[in-house]
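Residue numbering for the sequence shown follows my numbering, starting at 12 and increasing by one per position.
Scroll down for the structure; my scribbles are underneath it.
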Amino acid sequence: MLIYLIGFMGCGKTTIGKELAKKLKYEFIDLDEWIEKKSRSSIAKIFEKHGENYFRKKETDALKKTSKLKKKVIATGGGAPCFNENMELMNKTGITVYIEMPAGALFHRLSNSKPNRPLIAGMLDSELMEFIMYTLPQREVFYSNARITVNGMKMDIKKLVGQIKEEIGEI
Ligand code: S3P
C-alpha cells in the first residue's frame with residue numbers, strides 16, 4: 012500500500028509524512044529528494060538549467076517508479092498532482108491525502124523559505140501573496156480529487172491513521 016501526501020508548498024507534507032510513516036511502520040519518501048538523488052542535482056538547479064517542463068517530466072518519471080513500491084508514505088511536490096495525469100496515477104496506486112491549508116497560513120510559512128523553492132525564489136512578500144491567491148484555486152481543482160482531505164491547521168495524526176486504515180480495509 013502507498014500513501015501519497017499532496018498539497019501546496021509549505022502545508023507540511025514532509026513533516027506530517029515522516030510522522031505518519033513512523034506510525035504506520037512504512038518507509039518515508041520525499042519525491043523531490045528522490046528526484047535530486049536520481050539526477051544528482053538540486054531541484055533549484057534542475058529548474059535553473061532545464062526549466063519547469065523538464066522538471067515536471069522528471070517528477071512524473073519519479074512518480075511512475077515510486078508507484079510500483081509497497082508500504083511507503085510519499086510526500087509529493089506541491090505541483091505534482093496538477094501535471095501529466097499524476098493525480099490519476101496516484102489515485103490508482105494508493106491513498107491520496109490532501110493537506111488543506113488557507114492562503115494566509117501558507118503565506119506565513121513560505122515567506123521565510125522562499126530561496127529554497129524555485130517557483131517563489133526572489134519574490135517580494137506582496138508577489139508571494141499574489142502567487143498563492145492565483146495558484147492555490149487552480150491547484151485545488153486537482154487536490155480536491157484526493158481520497159482523504161485533512162485540515163493542516165488542526166493536524167491529528169492518530170485520526171488520520173484511523174482514516175487511512177479504514178480506507179485500506181475497503182480495498
Ligand atoms: C513545487 C513544489 C516544490 C518542488 C518544486 C515545485 C510546486 O515542492 O516540487 O519546487 O510546483 O509547487 P514542495 O511542495 O515540497 O515545496
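Every residue, glycine too, gets a C-beta built ideally from N, C-alpha and C.
Note that this is a predicted model, so its numbers are computed, not measured.
Return yes when the Cβ of residue j is within less than 8 Å of the Cβ of residue i, no when it is not.
| i | j | result |
| --- | --- | --- |
| Val84 | Phe39 | yes |
| Leu100 | Leu121 | no |
| Thr117 | Cys22 | The sequence given here places Leu at residue 117; Thr does not occur at that position. Yes, the pair counts as a contact, with Cβ atoms nearer than the cut-off. |
| Ile110 | Val152 | no |
| Lys24 | Thr77 | no |
| Met164 | Met98 | no |
| Arg128 | Phe94 | no |
| Lys69 | Ile57 | yes |
| Thr19 | Leu147 | The residue you asked about is not Thr; residue 19 is Phe in the sequence shown. Taking 8 Å as the Cβ cut-off, Phe19 and Leu147 qualify as a contacting pair. |
| Met12 | Lys82 | yes |
Spell out whether any CB of chain B is found under 8 Å from the CB atom of residue i.
| i | result |
| --- | --- |
| His119 | Among the protein chains of the structure shown there is no chain B, as only one such chain exists. |
If residue i and residue j are in contact, beta carbons under 8 Å, what's the gap, nearest whole angstrom?
| i | j | result |
| --- | --- | --- |
| Lys103 | Ala73 | Not quite, the Cβ-Cβ distance comes to about 16 Å (not below 8 Å), so this is no contact. |
| Ile54 | Glu47 | 6 Å |
| Ile14 | Gly105 | 6 Å |
| Ile17 | Tyr154 | 6 Å |
| Ile168 | Leu31 | 6 Å |
| Ile159 | Ala114 | Rounded, the Cβ-Cβ distance is 21 Å, inconsistent with contact. |
Going residue by residue through the stretch 57-117, where are the continuous beta strand (DSSP E) segments of at least 3 residues, counting only ones entirely within it?
83-86, 106-111
How do the stretch 31-44 and the stretch 122-140 stand: do at least 3 beta-carbon pairs fall below 8 Å, yes or no?
no
Would you mind listing the beta strand (DSSP E) stretches within the stretch 126-176 that are 3+ residues and don't spill past its ends, in chain order?
159-162
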